[in-house]
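Presented below is the structure to which this report refers.
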Ligand SMILES: CC(C)(COP(=O)(O)OP(=O)(O)OC[C@H]1O[C@@H](n2cnc3c(N)ncnc32)[C@H](O)[C@@H]1OP(=O)(O)O)[C@@H](O)C(=O)NCCC(=O)NCCS
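Residue numbers (the working numbering): -15 to 156.
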């Protein structure tokens, strides 16, 4: 069965949330300490509207992963900057799904006119950092011990991608 990357629809929200919530209690990839409720996920969806892309990867009718570009700040001056997220189901990792999802939302984001994409990644997530570097993200800073989870301090690496207008027209 081939993999299909497509724009998410509201009917994908429970699968999106299940993939995310799986990581909450077991991984520092998200600093969340409580699972996201369906209502919180619905309000996340509403905040994205038509402007901020959310894409899913689907195979044989199952959602295996998702990526999004979310508002970075609600202050108007930041309107051309977005923050990326990508989560792939644990049993579907290392098949190129995360990279395909990111390529898709970056292309959609370029078409929407976003200028910079920020990824905030917990510093021990070397796979995720490698994936983002491959896609043209560059380290823009490090926030030492800003998080605390699993009884230890966590640091964040900030990675920034410069979007070019033509990124929307060609494969990233
Ligand atoms: C990070 C994550 C999204 C990667 O998705 P994926 O579909 O497994 O990654 P891909 O197969 O597309 O990998 C693309 C490249 O990224 C790098 N990479 C991804 N996972 C890696 C890992 N565990 N170790 C080392 N490199 C890794 C590799 O360069 C890889 O290319 P390769 O397989 O040809 O070596 C996925 O592991 C995940 O959902 N992790 C938990 C949540 C998370 O960390 N999300 C990111 C929060 S910012």
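We treat Cβ as the ideally placed atom computed from N, Cα and C, and that holds for glycine.
In this text the structure is predicted, and so the values were computed from the model without any measurement.
For ligand 1, any of its heavy atoms closer than 7 Å to the Cβ of residue i?
i, result
"residue 118", "yes"
"residue -3", "no"
"residue 40", "no"
"residue 81", "yes"
"residue 109", "yes"
"residue 147", "no"
Per DSSP, which one or two residues make a beta bridge with residue i?
i, result
"residue 137", "132"
"residue 126", "141"
"residue 150", "Partner(s): none; residue 150 has no beta bridge."
"residue 103", "143"
"residue 41", "-11 and 49"
"residue 66", "55 and 101"
Just the Cα atoms here: how many angstroms apart are residue i and residue j?
i, j, result
"residue 32", "residue 134", "30 Å"
"residue 77", "residue 70", "12 Å"
"residue 38", "residue 81", "14 Å"
"residue 121", "residue -5", "31 Å"
"residue 127", "residue 105", "10 Å"
"residue 19", "residue 9", "8 Å"
"residue -1", "residue 132", "27 Å"
According to DSSP, is residue i helix, strand or coil?
i, result
"residue 0", "helix"
"residue 47", "strand"
"residue 71", "strand"
"residue -12", "strand"
Leaving out five residues before and five after residue i in sequence, what residues of the same chain have Cβ atoms less than 8 Å from its Cβ?
i, result
"residue 147", "90, 93, 94, 98, 99, 100 and 101"
"residue 150", "94"
Ignore the nearest five residues each way along the sequence and tell me which others in residue i's own chain have a CB closer than 7 Å to its CB.
i, result
"residue 73", "3, 48 and 49"
Here's a check: name, in chain order, each residue in its chain whose Cβ is nearer than 6 Å to the Cβ of residue i, leaving out the five neighbours to either side.
i, result
"residue 107", "139 and 141"
"residue 51", "39, 70, 85, 86 and 89"
"residue -12", "42"
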